[in-house]
Structures are given as structure tokens and as C-alpha cells.
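In what follows, a structure is listed as C-alpha cells, so that the remarks can point back to it.
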Amino acid sequence: LDLELALRSALDERQFELHYQPKMDLNTGRIGGVEALLRWRRPAFGLVYPAEFVPLMEDTGMVVRVGSWIIDEACRQIAAWSADGVRDLRVAVNVSSRQFAEGDLEGDIRAALARHGVDPGLLELELTESALMSNFEHTIEVLESLKALGIRIAIDDFGTGYSSLAYLKRFPIDKLKIDIAFVRDITTNPDDAAIALAIISMAHSLHMQVIAEGVESRAQMALLRRHRCDEVQGFHIARALPADELMRLVLENR
Ligand code: G
Ligand code: G
Ligand code: MN
Ligand code: NA
Numbered sequence: 471l472d473l474e475l476a477l478r479s480a481l482d483e484r485q486f487e488l489h490y491q492p493k494m495d496l497n498t499g500r501i502g503g504v505e506a507l508l509r510w511r512r513p514a515f516g517l518v519y520p521a522e523f524v525p526l527m528e529d530t531g532m533v534v535r536v537g538s539w540i541i542d543e544a545c546r547q548i549a550a551w552s553a554d555g556v557r558d559l560r561v562a563v564n565v566s567s568r569q570f571a572e573g574d575l576e577g578d579i580r581a582a583l584a585r586h587g588v589d590p591g592l593l594e595l596e597l598t599e600s601a602l603m604s605n606f607e608h609t610i611e612v613l614e615s616l617k618a619l620g621i622r623i624a625i626d627d628f629g630t631g632y633s634s635l636a637y638l639k640r641f642p643i644d645k646l647k648i649d650i651a652f653v654r655d656i657t658t659n660p661d662d663a664a665i666a667l668a669i670i671s672m673a674h675s676l677h678m679q680v681i682a683e684g685v686e687s688r689a690q691m692a693l694l695r696r697h698r699c700d701e702v703q704g705f706h707i708a709r710a711l712p713a714d715e716l717m718r719l720v721l722e723n724r
């Protein structure tokens, strides 16, 4: 209950911040994008990670209002990096199931892009299979309206949910993100390697890109590159960093 009360005032008290984890393009070795990850700087507690509060935000519906803030903040950051001369770094934000179902995603994104004067092509959404599969008609309508804005759409944690391949074909999806569960033992478990390879092949056949998350070693990265995965994200590249530290890393990498 204390947690819920504290969380309710966190947005107005400006206690949320976004950290950014790089995504490396395996063809060029460049950091082509980042994933924005929510952090709560809770007074007297320090930095709190999403696992401790996102489920409660989802249950209470707070995630809709905070989700709108996250989209605005990500666009503000894209504009700030642009002003500093980095104009080609894509920023992905996570969208929760409830935000997708109940929020006005298109309105929020349209407003944030306009307010900050951001190129829509630099904004990407990460949606989970469960968010997409709950209501087919609603999903297709929302996804089409989002694509019309010019933003990109990825399916997060791919392979652990229950998306039907028939639906996948009909959704305007740009990218699949292979779940960490298949990446963790990819160099030692032939089944996991086979699943990752199958996801990569299927994605490319459907003209989608593929990223693997949770990459923690050079060997995992090398195997994914051999299998023609497009991008990798994980501790082997870097953890999520505050905006200024992330920018230093990007500039060193260019
Ligand atoms: O940053 P961390 O690895 O602790 O994130 C853990 C989980 O929290 C991830 O699954 C991620 O999708 C979720 N998460 C992180 N940031 C956000 C956010 O901004 N919005 C939503 N809805 N979920 C987030
Ligand atoms: O959106 P999603 O829940 O997938 O968010 C990414 C989560 O994965 C974050 O909580 C982040 O801290 C975590 N993460 C990112 N890279 C790695 C990694 O290389 N290994 C592990 N175990 N977790 C990671
Ligand atoms: Mn994600
Ligand atoms: Na994920």
C-alpha cells in the first residue's frame, strides 16, 4: 500500500527517468538504436527497477498515464540528441498491454512527435505478443494507424507468447525481438539455437528484421551474426545507461 501511494505521486513529483540500452547493428558494428527503460528514483530508496513497480502500475491502470509520459520523454530525448548532432539514433519504448488496450497510443505519439519536432522514423514501439493477441480487430486498426504515422513496430519477447503465425503475417510489424530465454544458452543448447535460427529465417522471409536480447558474451554475438541476425542487445554491449552516458558511448562508437 505504501508502494502504491508513493507510486501514485511519482509522476507529478518527477521521480521517473528513462535509461537507454544500446542495440548494435551486426553488419556495421554501429549502435543504431537504443531501448528506453523506465527507472524510478524513489526518495530514500534509490533507483528502483521496473520489476518492482511496473506490475502494480499495470494492475492499477497507472501504466496508461505513465506510458504517455514515457512516449513524450523519449521524443524529448530524441530531439535533444538531434540538437547535439546525433540525428540517426532510433529510440524504442515499451508499451504495456493495458496501455495498448486502453490508452490513446496514436494520439499520444502524434502529440509527442509534433511537440518535439521528431522524425517518426526514429521512434519504435516494443509490443508483446499478449498485447497484440487479445483483440485482433482492435490490434490491426491501432497498428495500421501507428504505421501511418511513420513509426516502427517490434514484437518484444518473441517466442514465449502465443502469437499465431497467421496473425503475424497480417500485422504491419517491422521487427521481431528474440526472447532472452532462447539466447541465454544459445551456444550450448542446440534446441535454443535451432529456435533462434528459425525465428531469424521466418522474420526475414516475412520481410521483418530480427534483434536478439540478453546477449552477454562474444560467443553468443558471433553465433547470432553467423545466423544473420540483424541486431543484438545485452550486457555484452552495455547495460541501460543514463542519457548522457549513453551518448558518450555512441560518440566513441562512431
Ligand atoms: O530495465 P529492466 O531490464 O529491469 O526492465 C524489466 C522489464 O520492465 C522489461 O520487461 C521491460 O519491458 C519492462 N519495462 C521497462 N521499461 C518499461 C517501460 O517504460 N514501460 C513498460 N510498460 N515496461 C517497461
Ligand atoms: O523489455 P524487456 O523486458 O525485455 O527489457 C529488457 C530487460 O532485460 C531489462 O530488464 C534489462 O535489464 C534486461 N537485460 C538487458 N540485457 C540483458 C542481458 O544481457 N542479460 C540479462 N540477463 N538481462 C538483460
Ligand atoms: Mn523491451
Ligand atoms: Na524483451
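With the UniProt record's numbering, you'll find the sequence shown wraps up at 724, consecutive numbering, no jumps.
By construction, the Cβ of each residue, glycine as well, lies at the ideal position given by its N, Cα and C atoms.
If you follow the beta strand (DSSP E) that residue i is in, where does it begin and where does it stop?
i: residue 726; result: Here the chain has residues from 471 to 724 only, and residue 726 is not among them.
i: Thr598; result: 593-598
i: Leu676; result: No beta strand (DSSP E) holds Leu676; DSSP gives it neither H nor E.
From the DSSP output, read off the bridge partner residues of residue i.
i: Asn564; result: Glu596
i: Phe628; result: Ile648
i: Gly516; result: Arg512
i: Glu505; result: Gln491, Ala562
i: Leu622; result: Inspection of the sequence shows that residue 622 is occupied by Arg rather than by Leu. Arg622 is bridged to Glu594.
According to DSSP, is residue i part of a helix, a strand, or is it coil?
i: Ala601; result: helix
i: Arg698; result: coil
i: Leu575; result: helix
i: Ala521; result: helix
i: Ser687; result: coil
i: Gly499; result: coil
i: Arg535; result: helix
i: Gln547; result: helix
i: His608; result: helix
i: Glu614; result: helix
i: residue 725; result: With the chain covering only 471 through 724, there is no way to say anything about residue 725.
i: Ala710; result: coil
i: Leu662; result: The sequence given here places Asp at residue 662; Leu does not occur at that position. Residue state, collapsed to three classes: helix.
Pick out whichever of the options has its Cα sitting closest to the Cα of residue i.
i: Ala673; options: Asp644, Ile540, Ala584; result: Asp644
i: Gly684; options: Ser671, Leu676, Ala666; result: Ala666
i: Ile669; options: Leu646, Ser687, Thr657, Asp655; result: Leu646
i: Trp510; options: Leu481, Tyr490, Gly503; result: Leu481
i: Ala624; options: Asn659, Leu602, Arg568, Ser479; result: Leu602
i: Asp558; options: Ala549, Ala571, Asn564; result: Ala549
i: Glu547; options: Lys639, Met717, Glu596; result: For the sequence presented, residue 547 should be read as Gln rather than Glu. Answer by Cα proximity: Met717.
i: Glu474; options: His706, Gln679, Arg484, Leu526; result: Leu526
i: Asp655; options: Ser633, Asp627, Ser687, Leu635; result: Ser687
i: Ser600; options: Ser634, Leu593, Leu575; result: Ser634
i: Ile541; options: Met494, Pro520, Ser671, Leu488; result: Leu488
i: Pro492; options: Val504, Thr498, Phe486, Leu694; result: Val504
i: Tyr637; options: Gly577, His608, Arg484, Thr658; result: His608
i: Glu614; options: Ala584, Ser604, Glu576, Asp662; result: Glu576
i: Arg695; options: Ala663, Gln569, Pro712, Asp714; result: Ala663
i: Gly591; options: Thr598, Leu597, Leu583; result: Leu583
i: Pro520; options: Glu528, Ala682, Ala514; result: Glu528
i: Met532; options: Ala476, Leu496, Ala514, Glu611; result: Ala476
i: Asp714; options: Trp551, Ser538, Asn497; result: Trp551
Starting from residue i, follow the alpha helix (DSSP H) in both directions and report where the run begins and ends.
i: Thr530; result: 524-530
i: Arg654; result: Here Arg654 belongs to no alpha helix (DSSP H), and DSSP marks it neither H nor E.
i: Ser479; result: 472-480
i: Arg640; result: 635-640
i: Asn719; result: According to the sequence shown, residue 719 is Leu rather than Asn. Here the alpha helix (DSSP H) through Leu719 covers 713-723.
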